[in-house]
Every structure is written in structure tokens, then in C-alpha cells.
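If you read the sequence shown in this note's numbering, its first letter stands for residue 8, the second for the next number, and so on.
Backbone N, C-alpha and C fix where the C-beta goes; we use that ideal spot for every residue, glycine too.
Below is one structure; the comments refer to it alone.
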Amino acid sequence: MSKLNQVVTEIVEEMRAREDRGIVASYIPELGRVDPQNFGMTVIDAEGSLYSGGDCETPFSIQSISKVFTLTLALGKIGERLWERVGREPSGSPFNSIVQLEAEQGIPRNPFINAGAIAVTDVILSGSQPREALGEIIRFMQFLADDSSIIIDHTVAASEQQHRYRNSALANYMKSYGVLKNDVEKTLGVYFHHCAIAMSCRQLAMAARFLAHAGLNPATGCSIVIPDRARRINAVMLTCGHYDGSGEFAYRVGLPGKSGVGGGILAVAPGLASIAVWSPGLDAAGNSHLGRIALERLSQRMGWSIFGP
Ligand code: GLN
Numbered sequence: 008m009s010k011l012n013q014v015v016t017e018i019v020e021e022m023r024a025r026e027d028r029g030i031v032a033s034y035i036p037e038l039g040r041v042d043p044q045n046f047g048m049t050v051i052d053a054e055g056s057l058y059s060g061g062d063c064e065t066p067f068s069i070q071s072i073s074k075v076f077t078l079t080l081a082l083g084k085i086g087e088r089l090w091e092r093v094g095r096e097p098s099g100s101p102f103n104s105i106v107q108l109e110a111e112q113g114i115p116r117n118p119f120i121n122a123g124a125i126a127v128t129d130v131i132l133s134g135s136q137p138r139e140a141l142g143e144i145i146r147f148m149q150f151l152a153d154d155s156s157i158i159i160d161h162t163v164a165a166s167e168q169q170h171r172y173r174n175s176a177l178a179n180y181m182k183s184y185g186v187l188k189n190d191v192e193k194t195l196g197v198y199f200h201h202c203a204i205a206m207s208c209r210q211l212a213m214a215a216r217f218l219a220h221a222g223l224n225p226a227t228g229c230s231i232v233i234p235d236r237a238r239r240i241n242a243v244m245l246t247c248g249h250y251d252g253s254g255e256f257a258y259r260v261g262l263p264g265k266s267g268v269g270g271g272i273l274a275v276a277p278g279l280a281s282i283a284v285w286s287p288g289l290d291a292a293g294n295s296h297l298g299r300i301a302l303e304r305l306s307q308r309m310g311w312s313i314f315g316p
């Protein structure tokens, strides 16, 4: 058995047995119905071999992990001009915080807090209808994961839409500064639906291969983005991917990563592997509690931290 195989098997065993599982998000009521006992993990190495365990085939709500892919799409559409609409500094605030928006004239700190991701979604929506924009996003995910079965969970989207007060406030506030160009409700609708994409660990790790391999899909040699862009998306994941838990994640795991309130975390070991973990219970910053611990174990045992072994 290879070392990676053994490490993944041991991590999955440990995580399935642990009793400290964090708290499942319930502010989107539909997410609160997910069983906290779930744990899944997939690692895909540079040769394309898959190392998986636990509930790695069960689709879950990817939520904010979708923001990595919408950022990629928006950069593809308007390039570096995107940074006129959204910053790239860590916020040090919770993902749904509104405080910085007033001090910074409606420009969100980074594309991964909710305000920033809503601004990015607005860029993707410009020039098309919500249905077309969503079609573009879902087809991009299917293409990257090489899997046409990936879908949006409309029940989760509707559940979030019904309780959209906080995100509505963020979006309306940005609209008042002209940062959003489209109808606020349309932009929010696209945002809620891309957050509600359901994917398994295996599908997510497949979709992120290009970030681990300088913008290339290693299986086909197909270029998704230029190396420079992949490197920079990874940089923003490292500094902003876990909100006000980003410093702790860098300290413990040392890999670019993006969490979602569905309990998933996508992580990238540049040149080595793409990784997805899922455990629905969250810590106080809204990041998967066991997901983070699992990634800490993996990165330590494999010597994968980008800061050194
Ligand atoms: N759709 C969620 C929200 O807007 C995404 C948050 C997250 O995953 N951190 O609240």
C-alpha cells in the first residue's frame, strides 16, 4: 500500500470515530438537515490516481467553494479589471460581515467573503440572463470535473433565497455605490444557485486539478487558465479562503484552501495534489471542524505544507 493510500485510510478512520464534530450550519434551514456523521475525503495526485475514503461519493452543498470557480470565470471574462470591483486582502471578519463595506465605499475586501462573491457573480451575469449565467457556471464545473451529472440542488437554493436578509443587505449596499451593475435580485438569485451546486469530494477534487497543476488539466493537457492565474487564485485562497480563520488554516495546514458552510473544504498542494474533504459540522468561523483537522494530518504526514516539511 502506498504511503498516501495509508495516510488517507487512517485519517478517514480517525475522523469517522471522533465525537467532536462541530455544529452543522442551520441559518440556511435546508443545510441543517444534513447528518453530521458524514465524512468523506478524496486526494488526486499528479499522476491522476485517486485516494478516497468515507462518504467521498455523496454529493453535498459546496456553498462558498463555488466562489473559487466563479472567480476563475470572472477573471476569464474581464481579466485584471475585476480587481477594480473587489479587493484581494484578507478581511479578518466573518464571511457575511457588513462592517468594512461602508468604510471602503462598497468595494468588498476579497472575492471569497459573501459581498465579494456577490460582486463577482454580478460580473458573470452582465450581458446575459440569470439562467444563461448559471448554465455557464454549471457547465464549467461539469467540464472541469469531467462529469455531466453535477447539478444544482434547487431546494437548498430556495431555502437560502427565503432567508436572504443578510446577503440582500450586502448586495443592496454595494448597489448603492454602483459596485453591482445588474438587478440586485437577479444577481442574488445566481449567487444562491451557484452556492447550491451539489458535488461529492471526488467531483470537487477532480474540478480543482487545474489549480494544482499550473492551470492545466493533467489528464488531458488542456489549459484552463495560464500558470500565472492559477498561482494567483491559489494565493487568494491561502489568504482569504477561510475568512477570519485563514491565518489559522495557513498555520495548521499550510495549503491554499476554500471552505463552504456545507462542510466541504477544497485544498491544493501545488504540483502535487488536489484535495477535497467533507464533514458537515463547522467551527466558530464557519469552516468544517473535522475537515480542517483532516487536512492538517494529511499535510503534516505527507510534508505538503507550502511553507516547508
Ligand atoms: N451561500 C452561503 C451564504 O451566502 C455561503 C457562505 C459560505 O459557504 N461560507 O451565506
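### Message
Whole angstroms are fine: how far does the CA of PHE217 sit from the CA of GLU167?
### Response
When rounded, the distance between both Cα atoms is 30 Å.
### Message
Measuring straight from C-alpha to C-alpha, what distance separates ASN224 and GLU37?
### Response
One C-alpha to the other measures close to 34 Å.
### Message
Please determine whether the Cβ atom of VAL41 lies at a distance below 7 Å from any heavy atom of the ligand GLN.
### Response
With a threshold of 7 Å, the Cβ atom of VAL41 does not count as near the ligand GLN, since no heavy atom of the ligand is closer than that.
#### Entry: Secondary structure of LYS265, DSSP reduced to three states
It is a strand residue.
### Task
Specify which residues have a beta carbon nearer than 6 Å to any heavy atom of the ligand GLN, listing them in chain order.
Output, sorted by chain position: GLN70, SER71, PHE102, ASN103, ASN121, GLU167, ASN174, CYS202, GLY267, VAL268 and GLY293.
#### Entry: Cβ shell of VAL186 (< 7 Å), same chain only, five flanking positions each side left out
Same-chain partners within the cutoff: ARG92, GLY113, ILE114 and ALA126.
### Message
So, for GLN44: in the same chain, excluding its five sequence neighbours on each side, which residues have a beta-carbon less than 7 Å away from its beta-carbon?
### Response
Cβ within range, chain order: n/a, list empty.
### Query
Which same chain residues, not among the five before or five after LEU11, have their C-beta less than 7 Å away from its C-beta?
Closer than 7 Å at Cβ, skipping near neighbours: VAL50, ASP52, TYR58 and MET309.
### Task
Consult DSSP for VAL130 and reduce its assignment to one of helix, strand or coil.
Here VAL130 sits in helix by DSSP.
### Query
Which residue or residues does DSSP assign as beta-bridge partners of LEU273?
Bridge partners of LEU273: LYS265 and ALA283.
### Message
Let me check one thing: in DSSP terms, what residues is ASP52 bridge-paired to?
### Response
Answer is ALA280.
### Message
To the nearest angstrom, how far is the alpha carbon of PHE199 from that of GLU143?
### Response
If you take the alpha carbons of PHE199 and GLU143, they lie about 15 Å apart.
### Task
State the DSSP-derived secondary structure class of TYR184, mapped to helix, strand or coil.
DSSP places TYR184 in the coil class of the three-state scheme, outside both helix and strand.
#### Entry: Residue from GLY61, ALA124 and SER133 with nearest C-alpha to ILE85
Among GLY61, ALA124 and SER133, the Cα nearest to that of ILE85 is on SER133.
### Message
I need the boundaries of the alpha helix (DSSP H) containing LEU328, first residue and last residue.
### Response
The question about residue 328 has no answer here: the residues shown for the chain are numbered 8 through 316.
#### Entry: Rounded straight-line distance, which links the Cα of GLY288 to that of LYS193
Their Cα atoms are separated by approximately 31 Å.
### Task
Identify which residue in ILE158, VAL75, GLN136 and ALA32 has its Cα closest to the Cα of ARG236.
Out of ILE158, VAL75, GLN136 and ALA32, VAL75 has the C-alpha closest to the C-alpha of ARG236.
### Task
Go through the stretch 99 to 131 residue by residue and report every complete run of the alpha helix (DSSP H) that reaches 4 residues or more, in order.
Taking 4 residues as the shortest admissible run, the stretch 99 to 131 contains the following complete alpha helix (DSSP H) segments, listed from N- to C-terminal end: 106 to 110.
### Query
Going by C-alpha distance, which of ILE272, ASP154 and SER104 is nearest SER175?
Closest option to SER175, Cα to Cα, is SER104.
### Query
On the premise that PRO97 lies in contact with SER253, defined as a C-beta separation below 8 Å, what is that separation, rounded to the nearest angstrom?
For a cut-off of 8 Å, the C-beta gap from SER253 to PRO97 is around 5 Å, short enough to register as a contact.
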